[in-house]
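Just so we're aligned, residue 162 is where the sequence shown starts under the numbering used here, counting upward by one. Below is one structure, written out as structure tokens, with a few remarks after it.
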Amino acid sequence: NVYEGLSKKSSTTKRAPHPLIYYLLVHSTDIDFATRKIAKHLTQTKEIVQEGNNFKTKTLSTFRNYELNYTVGEEFEEHTKGLDNRTVKTLVSWDGDKLVCVQKGEKNNRGWKHWIEGGKLHLVRAEIIEVMCHSQEFLKYPFFLILLS
162 NVYEGLSKKS STTKRAPHPL IYYLLVHSTD IDFATRKIAK HLTQTKEIVQ
212 EGNNFKTKTL STFRNYELNY TVGEEFEEHT KGLDNRTVKT LVSWDGDKLV
262 CVQKGEKNNR GWKHWIEGGK LHLVRAEIIE VMCHSQEFLK YPFFLILLS
């Protein structure tokens, strides 16, 4: 499992995306003006707890927090409350060493990929336009991973 390589309490900070990528991302995802202005100045903390194929993830910031709990390979209904406020059918699966999420709902081509490489947690989010994606690289601090298996 790709997540076994990190210590149980590693941390990380996200690198801000290029301003043009950020602009395209937030305007294509229907995020309101006030949230866009606040979000571009935030530092996020990502917490991931894995028990076999069950994952509990938390994205934490001083503005808003988001929790997502899922079992790899099982589709579930996700409410993206506080993000872009959608209700979608979500399926997370393994693609080699990457966790891949596909979301089905009112907008196509949504989802993300997570993987660990070189001690860093990577997140790439696929958005509305197939050729456009937003990438975050969580460096060493503040990212927490807890393995319970």
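Quick reminder that beta carbons are idealized off the backbone N, C-alpha and C, glycines included.
Minimum C-alpha distance to Gly272 - residue among Ser254, Val210, Thr206, Leu221: Ser254
Rank Thr223, Tyr227, Asn230, Glu239 by C-alpha distance to the C-alpha of Glu267 and give the top, closest one. Closest by C-alpha distance to Glu267, out of Thr223, Tyr227, Asn230, Glu239, is Glu239.
Report the partner residues of Thr223 according to the DSSP bridge assignment. Per DSSP, none; premise fails for Thr223.
Which residues in the same chain have their Cβ closer than 6 Å to the Cβ of Gln264, if we skip the five residues on either side of it in sequence? Val249, Thr251, Arg271, Gly272
DSSP three-state call for Thr196: helix, strand or coil? helix
Straight-line gap, Ile277 to Asp245 (C-alpha atoms, nearest Å): 26 Å
Closest by C-alpha distance to Lys207, when choosing among Phe194, Leu229, Asn215: Leu229
Find the nearest neighbour of Ala195 within the set Lys219, Gly213, Phe224, Gln211, judged by alpha-carbon distance. Of the residues Lys219, Gly213, Phe224, Gln211, the one whose Cα lies closest to the Cα of Ala195 is Phe224.
Comparing C-alpha positions only, which one of Thr232, Tyr231, Thr218 sits nearest to Leu282? Ranking the options by Cα distance to Leu282, first place goes to Thr218.
Among Cys262, Tyr227, Glu212, Asp258, which has the Cα closest to the Cα of Lys242? Looking at the Cα atoms, Tyr227 is the closest of the given residues.
Answer with buried or exposed for Leu260, where buried requires no fewer than 16 other C-beta atoms within 10 angstroms of its C-beta. buried
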